[in-house]
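According to this note's numbering, the sequence shown is numbered sequentially starting from 251.
We put the beta carbon where it would ideally sit given N, CA and C, even for glycine.
Written out below as structure tokens is the structure these notes cover.
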Amino acid sequence: MSVWDLQHELQSGDLLVVNDTRVLRARLEARRASGGAVELLVLEPWQPAAGEAPAASGVEAAPGRWLCLAKPAKRLKPGDVITINADGQSPLPLTVLGSDGETGGRIVQFPPGCADAATLEPLLLRYGAIPLPPYIHEHDASDNERYQTRYAQRPGSVAAPTAGLHLSDELLAAIRAHGVEIATTTLHVGLGTFRPVETEDLSQLQLHSEWVEVSPQLVQAVEACRARGGRVIAVGTTSVRSLEAVAQLHGGAMAPHTGPVNLVIQPGYRFQVVQGLLTNFHLPKSSLLLLVSALIGRQRLLDLYAEAIAREYRFFSYGDAMWIAPAAVLAQARPMR
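See the structure below:
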């Protein structure tokens, strides 16, 4: 089976939900006053954690303040000025304001007009680079587009929702021609997606929040799909977490929502919305493996990954995909409705 065959796996009346986030050129190269090199990965506008006093980090939220992962972070102290450079651009000084205990990142002051992803993106287009995963060793300018889905519209991610990279314009048109509706959600991919699970006790697992928007149009599409007996199919784990997190926040029902979510989906979870999934093969210790295990069970997951290794399938961002049909989902994990 190839990804092109997805059109034949879907049925007329189904709803295919894709994540329309766009990857920012969020990797910045900078220099400290001493001349030492620093790399920043710009994550999200800085906000103290819920219930946390600004004094915990020493930094209040304000326009232009961004949480960044830094390498080497230990050399960046509050008050340090770093300068980002790019060919043909004037040097741009940025000030380190403080550190974030949860992520180990640094809070950096950008120009005050850079208050959100849309207003920061012009600066990143001038100075930044696409933050390709570290296991992609060879890359060129073509990755600026290759690492975006065909329907990427909403800037804000630091990694691509990679299952969507398989969907060409031709395949999307063929899917629509089979009577399948395609709708978009938005989840800006950040630490909650790619940070490894570091605890053995999954009851203690918490994910870093990521920004989600579920529109009224998507809610209507889900409700209409259910009414006609169709199935809600997600492209990628980010689409799953977007739909499921919002349903959890609203008592199992879909409702428009904009804001951060951090739902942990692991074995034992009963899905509220999603009935099938197209997903890539994920890194070890990834929270995304827990999500897939919740759908199909741990042993089935291990068997499928063993088969993928034996057949030399490609893993990770530019790799092959796994189709989890609704019939393959554990009975106890399927939505009640």
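Give every residue of the same chain whose Cβ lies closer than 6 Å to the Cβ of residue i, excluding the five residues on either side of it in the sequence, and list them in chain order.
{"i": "Val579", "result": "Leu545"}
{"i": "His335", "result": "The question names His, but residue 335 in the sequence shown is Asn. Excluding sequence neighbours, Asn335 sits near Pro341."}
{"i": "Gln492", "result": "One point to set straight first is that residue 492 is Ser, not Gln, in the sequence displayed. Excluding residues within five positions, the ones whose Cβ falls inside 6 Å are Thr435, Leu437, Val462."}
{"i": "Gly502", "result": "Gln522"}
DSSP three-state label for residue i, please.
{"i": "Gly348", "result": "strand"}
{"i": "Val253", "result": "helix"}
{"i": "Ser284", "result": "coil"}
{"i": "Val579", "result": "coil"}
{"i": "Ala571", "result": "strand"}
{"i": "Leu374", "result": "helix"}
{"i": "His532", "result": "coil"}
{"i": "Glu289", "result": "strand"}
{"i": "Leu274", "result": "coil"}
{"i": "Lys324", "result": "helix"}
{"i": "Thr487", "result": "helix"}
{"i": "Ile546", "result": "helix"}
Take residue i and list the residues in its own chain whose beta-carbon comes closer than 8 Å to its own, dropping the five residues that flank it on each side.
{"i": "Arg400", "result": "Gly414, Leu417, Ser418, Asp419, Leu422"}
{"i": "Lys327", "result": "Val346"}
{"i": "Arg584", "result": "Arg520, Phe521, Gln525, Pro576"}
{"i": "Gln498", "result": "Leu513, Gln522"}
{"i": "Pro466", "result": "Pro506"}
{"i": "Arg548", "result": "Pro517"}
{"i": "Arg325", "result": "Arg282, Gly286, Val288"}
Who are the Cβ neighbours of residue i in its own chain at under 7 Å, not counting the five residues just before and after it?
{"i": "Arg275", "result": "Leu374, Leu375, Gly378, Ala379, Ile380"}
{"i": "Thr333", "result": "Ala280, Arg281, Pro341, Leu342, Pro343"}
{"i": "Leu457", "result": "Gly442, Asn512, Val514, Ser537"}
{"i": "Thr487", "result": "Thr529, Leu538, Leu541"}
Just to check my reading of the structure: residue i and residue j have Cβ atoms closer than 8 Å, yes? What is that Cβ distance to the nearest angstrom?
{"i": "Val496", "j": "Leu528", "result": "So it is not a contact: roughly 20 Å between Cβ atoms."}
{"i": "Val331", "j": "Pro313", "result": "In fact, because the Cβ distance is near 19 Å, the residues do not count as touching under 8 Å."}
{"i": "Pro405", "j": "Ala367", "result": "5 Å"}
{"i": "Leu290", "j": "Leu317", "result": "That pair is no contact at about 10 Å."}
{"i": "Val268", "j": "Ser489", "result": "6 Å"}
- Message: Taking contact to mean 3 or more Cβ pairs, one atom from each stretch, closer than 8 Å, check whether the segment 253 to 268 and the segment 341 to 361 are in contact.
- Response: Flag = no, the segment 253 to 268 and the segment 341 to 361 do not touch.
- Do the segment 470 to 477 and the segment 416 to 428 touch if we need at least three Cβ pairs shorter than 8 Å? The segment 470 to 477 vs the segment 416 to 428: no contact.
- Item | Touching by the beta-carbon criterion (3+ pairs, under 8 Å), the segment 453 to 470 and the segment 500 to 516 | Yes, the segment 453 to 470 touches the segment 500 to 516.
- Jot down the residue ranges of each uninterrupted beta strand (DSSP E) in the segment 418 to 477, minimum 3 residues, whole runs only, in chain order. Complete beta strand (DSSP E) runs here, min 3: 431 to 437, 460 to 464.
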